[in-house]
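Novice:
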Amino acid sequence: MARKQVARSLPDSWDVEITFAKNGVEGLDAIRAGKGEMTFLDLTMPEMDGFGVLENVFNEGLNAMIIVISGDIQPEARERVKKLGAIEFIKKPVNKEKLSEVLNSYGLL
Amino acid sequence: MSLALPLNEEQRDCLQELTNIAIGAAAESLAELTHHFVNLPIPVIRFVDTPELLSSFKKIEITAPSYVIKQHCSVGDLGFDTLVLVSDENITHLAKCIENESCDSVLDDTSQNLIVENLFKTISNTCFERLSEIFEQPVVKGSVDVVGRHVAPATIDMCSILDTEKTVAVEIYYHTEGHPFNCHLMLLFPESAVEVLAGSLDRLLH
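Chains as they are written, first to last, in the numbering used here: chain A, 1 to 109; chain B, 1001 to 1206.
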């Protein structure tokens, strides 16, 4: 549901190809395959959590701009993801307006 | 043993997602209370025979003396119970967290009761607030009942406590990073509430 909600919240006019991943391992594989130039990442996932994905992306120097979208709103969670290279942290539930605002602020629209 | 969940896949995903949001907010409150980062696993959702409720979740120490606290509440027309389970040992761990490790003395019953009450309110109130926001319905809370004090969870008659033979249970195991404290939060929907639950989830989905 979270994946669909994020997809529905993307700007309608944004010309992108969307890849969904069910867990952190699939997500990391997709990023390695070049499908994650812009990645929206949950922290609470099976197989590998969001922190694990961020660590691997960072360590492998993979090409991915990562925005974390999570229900884990502990201040330390936000700090950790930023230290691991995430460009932004959005609290769930996400909506179209918030997502557009963030994408605009990074010149991605 | 888990039974077939009486929700379709979309409804189940929706329940997992909204509880993920609610328990994430509760984790923030718990982190403030414990002064430690709280590890947040994926909520476990099961449909179980109520007598087997507590034994169906592997991380619950079924024989360890524990406190079990329950509160009935409703969000709109959706009624459910919230249960927090914390072992006596973890109450001591929690006391040390709260007092920043300066608590060395043995806790008396009054102190334990206060700590447990504080823990329950910290977790559950935040959880209720978020569920209320998500469903856009007011939350009505019943009284807080201590249904077990220094008892092994295996000995608790959950059927008489929850008054239902089958339960949709959402279980979250909270544990602090770098510190042994852990506890369990459960959101429990009786079989009679499943239809309302499914309808509420469908409204969120569509």
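Ideal placement from N, C-alpha and C gives every residue a C-beta, glycine not left out.
Please read these numbers as outputs of a predicted model, since none were measured by experiment.
1. Would you kindly report the start and end of the unbroken beta strand (DSSP E) that includes residue 1209 of chain B?
2. Checking contacts by CB at 8 Å: is residue 44 of chain A closer than that to chain B?
3. The region 63-77 of chain A: which residues have C-beta closer than 9 Å to a C-beta of chain B, in chain order?
4. Determine, using beta-carbon pairs with one atom in the region 93-103 of chain A and one in the region 1175-1188 of chain B, whether at least three such pairs fall under 8 Å.
5. Cutting at 6 Å between CB atoms, please list the residues of its own chain near residue 1126 of chain B, excluding the five before and the five after it.
6. Could you tell me the distance, in whole angstroms, from the CA atom of residue 1122 of chain B to the CA atom of residue 1078 of chain B?
7. Quick check on residue 1020 of chain B - is its C-beta less than 8 Å from some C-beta in chain A?
8. To the nearest angstrom, how far is it from the Cα of residue 1074 of chain B to the Cα of residue 1129 of chain B?
9. Residue 83 of chain A touches chain B at which residues, Cβ-Cβ below 9 Å?
10. Is there contact here, the region 1146-1154 of chain B with the region 85-99 of chain A, by at least three beta-carbon pairs under 8 Å?
11. In this structure, how does DSSP classify residue 1186 of chain B when only helix, strand and coil are distinguished?
12. Count the C-beta pairs between the region 16-35 of chain A and the region 49-56 of chain A that are closer than 8 Å, then say yes if the count reaches three, no if not.
13. Taking only runs that begin and end inside the region 1134-1178 of chain B, name each unbroken alpha helix (DSSP H) of 4 or more residues, in chain order.
14. Please list the partners that residue 2 of chain A has in chain B, where partner means a Cβ-to-Cβ separation under 7 Å.
15. What residues match up with residue 22 of chain A in a beta bridge as DSSP calls it?
16. Considering only the beta carbon of each residue, do residue 958 of chain B and residue 1094 of chain B sit closer than 8 Å?
17. Inspect the CB distances between the region 1036-1043 of chain B and the region 1061-1069 of chain B and report whether three or more fall short of 8 Å.
18. Looking only at its chain, what residues have a beta carbon closer than 7 Å to the beta carbon of residue 46 of chain A, apart from the 5 residues adjacent to it on each side?
19. In chain A, what lies closer than 7 Å to residue 1290 of chain B by C-beta?
Specialist: Based on what the coordinates show:
1. Since the first and last residues shown for chain B are 1001 and 1206, residue 1209 of chain B lies out of range.
2. Here residue 44 of chain A refers to the residue found at position 44 of the first sequence. So yes, residue 44 of chain A belongs to the interface.
3. 70, 71, 72, 73, 74, 75, 76 and 77
4. no
5. Walking along the second sequence from the start, residue 1126 of chain B turns up at place 126. Excluding positions up to five away in sequence, the list reads 1025, 1026 and 1029.
6. As a position in the second sequence, residue 1122 of chain B is number 122, starting the count at 1. As a position in the second sequence, residue 1078 of chain B is number 78, starting the count at 1. Cα to Cα, the separation comes out at about 22 Å.
7. Numbered from 1 along the second sequence, position 20 holds the residue referred to as residue 1020 of chain B. Judged by the 8 Å Cβ criterion, residue 1020 of chain B is in contact with chain A.
8. Within the second sequence, the letter at position 74 stands for residue 1074 of chain B. Within the second sequence, the letter at position 129 stands for residue 1129 of chain B. Using only the alpha carbons, I get a separation of about 12 Å.
9. For the purposes of this step, residue 83 of chain A is identified with residue 83 of the first sequence, where counting begins at 1. Residues of chain B passing the Cβ test: none, with the nearest at roughly 13 Å.
10. no
11. In the second sequence, residue 1186 of chain B corresponds to position 186, counting from 1. Strand at residue 1186 of chain B.
12. yes
13. 1158-1162
14. Taking the first sequence and counting its residues from 1, one reaches residue 2 of chain A at position 2. What residue 2 of chain A touches in chain B: 1017.
15. Position 22 of the first sequence holds residue 22 of chain A. Paired residues: none, contrary to the question.
16. Not covered by the structure: residue 958 of chain B. The range shown for chain B is 1001 to 1206.
17. no
18. As a working mapping, residue 46 of chain A is identified with position 46 in the first sequence. Correct list, in chain order: 23.
19. Chain B is shown only over 1001 to 1206; residue 1290 of chain B falls outside these bounds and no answer can be derived.
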